[in-house]
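What follows is a short report on a single structure.
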Amino acid sequence: MTDTYTVEPDVGFINEVSRLGGGDLKKCFQCATCSVVCPISPDTKPFPRKEMIAASWGLKDRLVGNGDVWLCHNCGDCTTYCPRGAKPGDVLAAVRSYAISEYAPLKTLGKWVNEPAKLPLLLAIPVVLLARFISVGLLLTVLSRFREFSPRLFSIMTWGGLRGGISIALALSLPRGPERDIIIAITYGVVVFSILVQGLTVEKVVQRFFSR
Amino acid sequence: MTEEKTAPASGSILVVGGGISGLTTTLEAAEVGYEVFLVEKNPYLGGRVSQLNQYFPKLCPPTCGLEINFRRIKDNPNIHAFTLAEIEKIEGAPGNYSVTIRLQPRYVNENCTCCGACAEACETEIANGFNFGMNKTKAAYLPFEMAFPARYVLAPEIIGTEDAQRCKDACKYDAVDLDMESKSITLQVGAVVWATGWEPYDATKIDNLGFGQYENIITNMMMERMASPSGPTGGKILRPSDNGAPESVAFVQCAGSRDENHLPYCSYICCMASLKQATYVRERYPDAKIYIFYIDIRSPGQRYEKFYQKVKEDENIFLIKGKVAEVVEDPATKKVTVTAENAVTGEKMHQEADLVVLATGMQPTAASLKLPADLQVTEDGFLLNDFAKGGMFAAGCAAKPADVVTSNQSATGMALKAIQTLVRR
Amino acid sequence: MDKKIGVYICEGCGIGEALDVDALKAVATDDGVAAKTHPILCGKAGVEFLQKEIEEGTNTLVIAACSRRVNYDIFRFDGCIVDRVNIREQVVWSHPREEFPALTEEQKGDGVHFDRVQMLAEDYLRMGMAKAKKIDLPEPYKPETFSRKILVIGGGVSGMTAALDAAYAGYEVTIVEKEERLGGHASHWRRQLPVAQPFADLIPPVVDEKIQAVEAHPKISIKTHTVVARLAGSPGDFTVTFKKPGEKIEFDVPYPLPEEMKVDENGKDLNAEQIHEKFMEYNEGRRDILTLDPSGEKYGAVILAAGWRGYQPKAEEFAHLGFGELPDVVTNEAFELIAKKGKITRPSDGKDAKSVVFVQSPGQEGNDADFDYAGAVTSLVSLKQAKYVREDYEDGRAFIFYQHMRTPGLQENFYKSIQQDPGIFMTKGEVVQVSKNGDGMVVEAKDTLLGENINVKADLVVLATGMVPATKDDPVVNMAYRQGPAFRDIDLFNGYVDSNFICFPYETQRTGIYAAGAVRRSMTTEEAMEDATGAALKAIQCLESVNRGVSVHPRSGDMTFPDFFFQRCTQCKRCTEECPFGALDDDAKGTPKPNPTRCRRCGTCMGACPERIIGFADYNIDSIGSMVKSIQVPSEDDYEEPPMRILALICENDAYPAIDIAGLNRLSYSAEVRFIPVRCLGSVNVIWIKDALSTGMDGVFLLGCKHGDDYQCHFVKGSELASIRMKKIGEALASLSLENERVAQYEIAIDEYDKIPQIVNDFVASIEEMGPNPFKGF
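Chains as they are written, first to last, in the working numbering: chain Z, 225 to 436; chain E, 274 to 698; chain W, 615 to 1392.
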């Protein structure tokens, strides 16, 4: 006989999962429609019905370490067919987000990854850097026919690409709308990152490259 | 029975709908002494319950109670019942309503003796609506054996054709009147009770349960008709694909009820109906395996509980908590495999069955039909009662999903509410 | 009534083609009555013809045509007796000439051949004429005193709703309530379940506004701290004695002697005298039932809305749940009282109850039923009470262990709404054990939806016990009826005062007394209020029916009532005991005292009476007896091999329609059977069977509805009583050297018309095997 599990519901966990997008989780009445329509749910350990009740009961320990949560590929069939509108797909996604922030070494970063407002920002920074790298790289490769460049130049020029007033001005010049707000947010984020992080560290980067 | 009448507003009540609730309201009010007009759109009284084989939990025939009610109607000159009649318009205020009723032609008059000669002569066949299209009937037909009024009907489709003339010629009693026309009458009444009842929810809308796609998936109302001796198979429960005897039957509960995508509420009766139908299957097939897939078994009240416990005792009836959300047909045998997760054991099961019955829910008539009066209707189509205002009331399933006992209680109560409106004018 | 009888034979619907109508007419003329025919009697010309006959003096019409169940309005003539002889469905349609060929000219009168169908039709006509001579038009019974006041027993939500609804319809009402104040259980609730769409949120108890409305209404009078000591009389004329609860007064109703007291110390049965002595002792100080209280109050109808009490578990009953042992395991009723007083705290030490577990089902041996008497109410109540926990404590947690969440119909919305609370946790599961755990408790459950056995720490455990009807403990209504103060046979309903009819929920065994609310079934406030309105209507309907002198359901509108020829009564008391509705009380000598307005006109008394002194104007021993004796029984003097003659007494409610439909479907069966419809098999008097056998008929069978727990009989006991009487008739048959099997009783449901041929033919075959009645021809 298995040991009896002493239940300690964590209401904070429930609220957090709600906040992360699984707001309808308490509507679940355990009909198991989701487990049946899920195209990859196996017969012997079906999901996500059990995950739904674990979430409703705030049983963090039954969810955060649970591998089944990661098998889901967010097709959304369970949400479509759920008779209560409990949106199991969204709940699982929320649990995954929660798990990420639980396991992330930098808790704040983990949290930001989960936030719809902050995630584009986090993504924008490497994207901008990559864009910079590509544009700088292309140019330098073309010009390298005519001149020799140290390969380190690519890295320094990439990292040294600071953004500033012009980007902001361009962002602010966009017509009003929700997209504008997000673009401004991203722009500010990237600008601040480039000035503070890139800017303050470019000296060290150059030193490192040229000290060799 | 069809009379034109204008009654003084002081003493009369209009009941819309001649099902069990409408009949009950009519009879109870008439037996207190009031004049009642009953309007029913079908050519027969009895509504949905006349399509049932038996009631739960006593497993008694609905025609037993209907017979007593029809006898009470026969003995009571206060009651004026109109069949093939619909409400065109109701205007006015509590205590004084002006009602316009449209009477559709039956094409058969009061000379009809139910001899059946017209049906024999008629050659056109039409889908039998009473049996949910599971068989055909002649276009001159008696809706069902104990139909009341006991009079044949000619389907409007054949009017003007040779067939209609054949029916007329076959009738020795001059009962076929091809010249009957639809007409309108106006009544003045003091109060109106809406007993417009329900329709079975359209199961084709539940796309993951295969109704309409796979032959051996039927609804609970179709099962009632099959089990009825007066039904399309003479009371035998058979697989539609090959008319063979099913060795296994799966009941899918909450097919369309308790579902935000379909009917968000619980339809009250389907759990009991499936348990009852399990007894039908057992009576005909002592060894058949019966599977009932449910979310919660609702058998409210002591007597329904006893019935449930009795059905549970059957060794070959299996009750599984887990909703069926997927059905697959084997094209060779036409058997259907239903899939559900047994929520208690935590394992998915794929159960193959010869016949699958979807326990579809009830949708109030007012959900699809706009009633021609100033009524408050909820999103789901149920009529709301405003007792303070009075005048118009909803009884039975027009107000909420309910079983026959509750509908009759509600109908009896609404008779009193209607009387109060007349008294308090 | 001075009768002028006319016989009218319709030739339509195949009758004219199948039968020798002239020979049929001769049957009437042989009896001195002119018979007339018409091609289509139900047509306009036919009805005009009949009306002309009536104008010319005919006032008793024997109409040989279709069934009484059709064309009832066409053949209704005020002031005339109309006797419908069924020669269509029961003769011509069910005995087609293809199977029962007519006689050829040579065959007629040869002493060998006979026309079965013709004989059947002729017998029915004879029977119709014999009956017409013996029946009369009824005179309505008008009681001498008549009260239109309605008594409502119980001042809770149901009682008050019934009273208000009756008052709004213009009737005077008195509410009698045993507690000091109105309100019943609902006054002890913190909040209650919703009573109207959208059924989503808890509301303040509606009881307060009901009390205000009741107290303000001029037509409602209220008696609190009062109970009914005795309810004597009958609908329209009840005399009610009130008293304070616990008081002992001379008009307390006498109680029947308990079974244990009917035997002496050695367990031997006491005789009637001794029982009577003990009965008088047991009820010392109480007036007998026939003495009317001069200061009793008059009422016309009664609504019983006495409500419920919470179920009190017996000792050890829920030991595994800790009830009785652990003070913090309480019933839902007790929990509600705690919640009403203030914040929810533990009974043991008054500390905050922040973790509360609700147990819906006692479980054990895999049983998934809820607690007894729970109905579909306790699931909703647990949801409500779980919400209380959350309202009282921000960090409160409520756990609900259910087997099935019983929130049917629109109550589903309430379930959906309460579910959303983050601090309420629900799962299906069986609670195995509740045990002490330090200061608190731990609840262990298995077979849960979490996929494992779980333990939950609880400060308080609430058992969702049910609503026991007040009538389980106490008659409440205290009828001064010979059959006893309480409703009979309510064990079938676990103590609820319910009707056994799905189609007729209010028709109980006591006319004029209608039950409403939780005394009928576990129900929510919303259901109870609706139920109360219905009961109020039935009470009003009963009053008005009595006022018009007619019966209530199921023979609504029937003006006949049983007449007693007391000179020949032998005080055997069978009618008094067997009446399903307690309509007869008896005096000290044992002579029955009829109470016509309690009567439902079934005729069970008529069937029970061995002296045959009871009868109705249009239905009595003589009318049916004459029908039986008018049946021709051919013997060997008439034919070489005379046909059998079988009498079938059939219930007119279920069996007669089934036979009609069999005819409609052209199902054929033996033509040797003569059907006589009776109001109820309970009204069958054995003299008719003796008459049949002594005239030489070969067999008799009764055909009626199912009896048993799921009885169909609209008069409750009819077919059951008949079957008991048929068993006793075995002795009489033996004394005549006739086989027991010549008399039988069969059950049929109204939709089993397809079984008619088999039942009839099998019986006829069994009689043929036994051979003809030895008394034939004498």
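Ideal Cβ positions, reconstructed from N, Cα and C, are used throughout, including at glycine.
Going by CA-CA distance only, name the one from the options that's closest to residue i.
i, options, result
"Val426(E)", "Gln377(E), Thr469(E), Gly463(E)", "Gln377(E)"
"Gln978(W)", "Cys1189(W), Glu1058(W), Tyr925(W)", "Glu1058(W)"
"Ala256(Z)", "Tyr567(E), Lys411(E), Gly664(E), Gly320(E)", "Tyr567(E)"
"Cys543(E)", "Pro573(E), Ser457(E), Ala358(E)", "Pro573(E)"
"Ala810(W)", "Gln1025(W), Arg1182(W), Tyr1367(W)", "Gln1025(W)"
"Ile392(Z)", "Val415(Z), Arg371(Z), Phe378(Z), Glu372(Z)", "Val415(Z)"
"Asn589(E)", "Glu614(E), Val650(E), Thr618(E), Pro559(E)", "Pro559(E)"
"Ala640(E)", "Ala423(E), Trp471(E), Arg375(E)", "Trp471(E)"
"Tyr738(W)", "Glu713(W), Leu778(W), Asp697(W)", "Asp697(W)"
"Gly634(E)", "Gly664(E), Ser547(E), His623(E)", "Ser547(E)"
"Pro908(W)", "Asn897(W), Leu778(W), Thr853(W)", "Thr853(W)"
Looking only at its own chain, which residues have a Cβ that is under 8 Å from the Cβ of residue i, when we skip the five neighbours before and after it?
i, result
"Lys409(E)", "Glu398, Ile399, Ala400, Asn401"
"Pro330(E)", "Met545, Lys549, Arg576, Tyr577, Lys579, Phe580"
"Thr279(E)", "Here Thr279(E) scores only 33 on pLDDT, less than 50, and its place in the model is too uncertain to base an answer on."
"Pro281(E)", "Low confidence applies to Pro281(E): its pLDDT is 39, below 50, so where it sits in the model is not reliable enough to give any reading."
In chain E, which residues lie less than 9 Å from residue i when you measure between Cβ atoms?
i, result
"Tyr412(Z)", "The contacting residues do not exist; Tyr412(Z) stays about 41 Å from chain E at best."
"Ile1116(W)", "Tyr328, Phe329, Pro330, Lys331, Cys333, Pro335, Gly338, Asp676, Val677, Val678, Asn681"
"Arg1215(W)", "Neighbours of Arg1215(W) on chain E: none; closest Cβ ~13 Å, over 9 Å."
Using C-beta distances below 6 Å, list every residue in its chain close to residue i, excluding the 5 sequence neighbours before and after it, in chain order.
i, result
"Met225(Z)", "Low confidence applies to Met225(Z): its pLDDT is 45, below 50, so where it sits in the model is not reliable, and the reading given next is rough at best. The answer is none, since no qualifying residue turns up."
"Glu326(Z)", "Val288"
"Gly384(Z)", "Val426"
"Gly1052(W)", "none"
"Val360(Z)", "Met381, Thr382"
"Ile1381(W)", "Met1258, Asp1312, Gly1313"
"Asn700(W)", "Ser681"
"Asn1279(W)", "none"
"Gly1332(W)", "Cys1294, Leu1295, Gly1296"
Does residue i come out as helix, strand or coil in the three-state DSSP assignment?
i, result
"Arg1215(W)", "coil"
"Ile903(W)", "coil"
"Gln327(E)", "coil"
"Lys594(E)", "strand"
"Pro344(Z)", "helix"
"Gln721(W)", "coil"
"Tyr1270(W)", "helix"
By Cβ distance below 7 Å, which residues in the same chain neighbour residue i in space, the five residues on each side in sequence not counted?
i, result
"Tyr1253(W)", "Gly725, Val726, Phe728"
"Glu277(E)", "In this predicted model, Glu277(E) has a pLDDT of only 31, less than 50, meaning its place in the structure is not dependable enough to derive any value."
"Ser501(E)", "Asn326, Gly508"
Check the Cβ of residue i against every Cβ in chain E and list those closer than 7 Å, keeping chain order.
i, result
"Glu1144(W)", "Gln682, Ser683, Gly686"
"Ala256(Z)", "Gly595, Lys596, Ala613, Glu614, Ala616"
"Asp1061(W)", "Val617"
Could you tell me which chain E residues have their CB closer than 8 Å to the CB of residue i, listed as they occur along the chain?
i, result
"Val261(Z)", "Asn481, Ala598, Glu599"
Give the residues of chain Z in contact with residue i, contact being defined as C-beta atoms less than 9 Å apart.
i, result
"Asn534(E)", "Thr304, Tyr305, Cys306, Pro307, Gly309"
Name the chain Z residues whose beta carbon is nearer than 7 Å to that of residue i?
i, result
"Arg531(E)", "Pro307"
"Glu1366(W)", "Here the premise fails: no neighbours, minimum Cβ distance about 39 Å."
Notebook entry, point to check: How do the stretch 289-298 of chain Z and the stretch 309-319 of chain Z stand: do at least 3 beta-carbon pairs fall below 8 Å, yes or no?
Noted result: In short, these stretches touch, since the Cβ pair count reaches three.
Next item on the list: Spell out a yes or no on whether the stretch 945-955 of chain W and the stretch 781-796 of chain W are touching, meaning 3 or more CB-CB pairs, one atom from each, closer than 8 Å.
Entry: Verdict: no, contact absent.
Check: Counting Cβ pairs, one atom from each stretch, are 3 or more of them under 8 Å apart for the stretch 1173-1182 of chain W and the stretch 745-754 of chain W?
Finding: Three or more beta-carbon pairs separated by less than 8 Å link the stretch 1173-1182 of chain W to the stretch 745-754 of chain W, which places the two stretches in contact.
Item checked: Inter-stretch contact (C-beta, 8 Å, three-pair minimum) for the stretch 651-666 of chain E and the stretch 366-374 of chain E -> Between the stretch 651-666 of chain E and the stretch 366-374 of chain E, the count of Cβ pairs shorter than 8 Å is three or higher; the stretches touch.
Next item on the list: Take every Cβ of the stretch 1291-1301 of chain W, pair it with every Cβ of the stretch 1316-1331 of chain W, and state whether three or more of those distances are shorter than 8 Å.
Entry: Contact between the stretch 1291-1301 of chain W and the stretch 1316-1331 of chain W is present: three or more C-beta pairs spanning the two stretches fall below 8 Å.
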